[in-house]
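Below you'll find the structure, written out as structure tokens, and then a few comments.
Protein chains: 2
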Amino acid sequence: MFSIRRYQDSDWPAIWALLHATFQTGDTYAYAPDSSEAAIHTAWVELPMATYVACAPDGQLLGTYVLKQNQPGLGAHVSNCGYVVAPAAQGQGVASAMCEHSQQEARAMGFLAMQFNLVVATNQRAVRLWQHLGFAVVGRLPRAFRHQRLGLVDALVMYKELGV
Amino acid sequence: MFSIRRYQDSDWPAIWALLHATFQTGDTYAYAPDSSEAAIHTAWVELPMATYVACAPDGQLLGTYVLKQNQPGLGAHVSNCGYVVAPAAQGQGVASAMCEHSQQEARAMGFLAMQFNLVVATNQRAVRLWQHLGFAVVGRLPRAFRHQRLGLVDALVMYKELGV
Chain V
1 MFSIRRYQDS DWPAIWALLH ATFQTGDTYA YAPDSSEAAI HTAWVELPMA
51 TYVACAPDGQ LLGTYVLKQN QPGLGAHVSN CGYVVAPAAQ GQGVASAMCE
101 HSQQEARAMG FLAMQFNLVV ATNQRAVRLW QHLGFAVVGR LPRAFRHQRL
151 GLVDALVMYK ELGV
Chain E
1 MFSIRRYQDS DWPAIWALLH ATFQTGDTYA YAPDSSEAAI HTAWVELPMA
51 TYVACAPDGQ LLGTYVLKQN QPGLGAHVSN CGYVVAPAAQ GQGVASAMCE
101 HSQQEARAMG FLAMQFNLVV ATNQRAVRLW QHLGFAVVGR LPRAFRHQRL
151 GLVDALVMYK ELGV
């Protein structure tokens, strides 16, 4: 059981702890493993159109995601999201719920599609989850991700038209 | 005959005139047709790693391009470029020369690949030119570009590994 709501400033310490630990693994997200707190605050809170958190009933942070335009101007009808789930909350459907929530939010904001630009091909759990939620693999980028254990690996572009 | 060199501040008035006229057509680049000069200066001069110009021997601006990282951190070994050729300079090989130049520059900076994120599928001249210069179509984004005459059209993701 959890709820998803908009970010508020008091969420930041828990989000930073989660993002810092997650990005340090260097196997899923492009953010440099040694990214500073200020850089990640900019990327996760200041630049996106909206930031969200998934919380347990006791307020514990289970996950967080961001929603933004994927391109400016004439590509601004396509949204982009990034999701992070707390290690202790894996397997509870948090990523799935955040992705469904993000699609509703994107539709409400007028977006016509959602694009993921850099899904690490070796992250098969994520690829399967996004496919299950209606996203198609529309592109494959050769050796576009510098995996911290595996070296250069392919990344996928995934896409879903949101309909109305 | 033309030369390609780094941007200098005195180039801006001619570049802005070219970019403003180009983006107003709304058929090739994502920048909104009504983008302000300040917004385009940020996008074309401040945010990229480097900005270049192609000039005729008399100094006239024939084209301009930008070079940047396509992703942060673990995707930062992939470069991204955007090129604009002056209408009066079409057909002289300016785009081709700028693309070749950008690949040399990107290699020299240590990039391993170059990615174009949003090549408008109806811009067949550009698609064929990039293919001729070694780029592959690695993805197709359904209706990802809002063409000002044709409505929503597909966009292509194009990619080239730069080798060494």
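Chains as they are written, first to last, in UniProt numbering: chain V, 1 to 164; chain E, 1 to 164. We put the CB at the ideal spot given by N, CA and C, even for glycine.
So, are the CB atoms of residue i and residue j less than 9 Å apart?
{"i": "V:Val120", "j": "V:Leu152", "result": "no"}
{"i": "V:Val138", "j": "E:Arg143", "result": "no"}
{"i": "V:Ala54", "j": "V:Leu67", "result": "no"}
{"i": "V:Trp44", "j": "V:Ile4", "result": "no"}
{"i": "residue 165 of chain V", "j": "V:Arg125", "result": "The requested residue 165 of chain V does not occur in the structure, where chain V is confined to residues 1 to 164."}
{"i": "E:Cys81", "j": "E:Met109", "result": "no"}
{"i": "V:Val84", "j": "V:Phe2", "result": "no"}
{"i": "V:Arg160", "j": "V:Leu129", "result": "The sequence shown places Lys at residue 160 of chain V, not Arg. No, the pair does not count as a contact, with Cβ atoms beyond the cut-off."}
{"i": "E:His101", "j": "E:Tyr52", "result": "yes"}
{"i": "E:Gln69", "j": "E:Val78", "result": "yes"}
Which residues in chain E have a C-beta closer than 9 Å to the C-beta of residue i? List them in chain order.
{"i": "V:Ser35", "result": "Pro72 and Gly73"}
Assuming residue i and residue j form a contact by the criterion Cβ under 8 Å, report the distance between their Cβ atoms to the nearest whole angstrom.
{"i": "V:Gly73", "j": "E:Ala32", "result": "3 Å"}
{"i": "V:Leu118", "j": "E:Gln71", "result": "6 Å"}
{"i": "E:Leu162", "j": "E:Ala106", "result": "6 Å"}
{"i": "E:Met158", "j": "E:Phe135", "result": "4 Å"}
In chain E, what lies closer than 7 Å to residue i by C-beta?
{"i": "V:Met31", "result": "The sequence given here has Tyr at residue 31 of chain V, not Met. Those within 7 Å of V:Tyr31 in chain E are Pro72 and Gly73."}
{"i": "V:Leu118", "result": "Gln71 and Gly75"}
{"i": "V:Val157", "result": "Gly139 and Val157"}
{"i": "V:Ala14", "result": "Going along chain E, no residue has its Cβ under 7 Å from V:Ala14, so there is no contact; the nearest lies around 22 Å."}
Can you check whether the C-beta of residue i is within less than 9 Å of a C-beta belonging to chain V?
{"i": "E:Gly139", "result": "yes"}
{"i": "E:Arg143", "result": "yes"}
{"i": "E:Val78", "result": "yes"}
{"i": "E:Phe23", "result": "yes"}
Could you confirm whether any beta carbon from chain E is found closer than 9 Å to the beta carbon of residue i?
{"i": "V:Gln60", "result": "no"}
{"i": "V:Arg107", "result": "no"}
{"i": "V:Gly26", "result": "yes"}
{"i": "V:His41", "result": "no"}
{"i": "residue 170 of chain V", "result": "The requested residue 170 of chain V is not part of the displayed model; chain V covers only 1 to 164."}
{"i": "V:Gln148", "result": "yes"}
Could you list which residues in chain V have their beta carbon closer than 9 Å to that of residue i, in chain order?
{"i": "E:Glu161", "result": "Pro142 and Arg143"}
{"i": "E:Ala113", "result": "Leu141, Pro142, Arg143 and Ala144"}
{"i": "E:Val84", "result": "What E:Val84 touches in chain V: nothing, since even the nearest Cβ is about 15 Å away."}
Would you list the one or two residues that DSSP bridges to residue i?
{"i": "V:Ile4", "result": "V:Ala54"}
{"i": "V:Val157", "result": "V:Gly139"}
{"i": "V:Tyr65", "result": "V:Tyr52 and V:Tyr83"}
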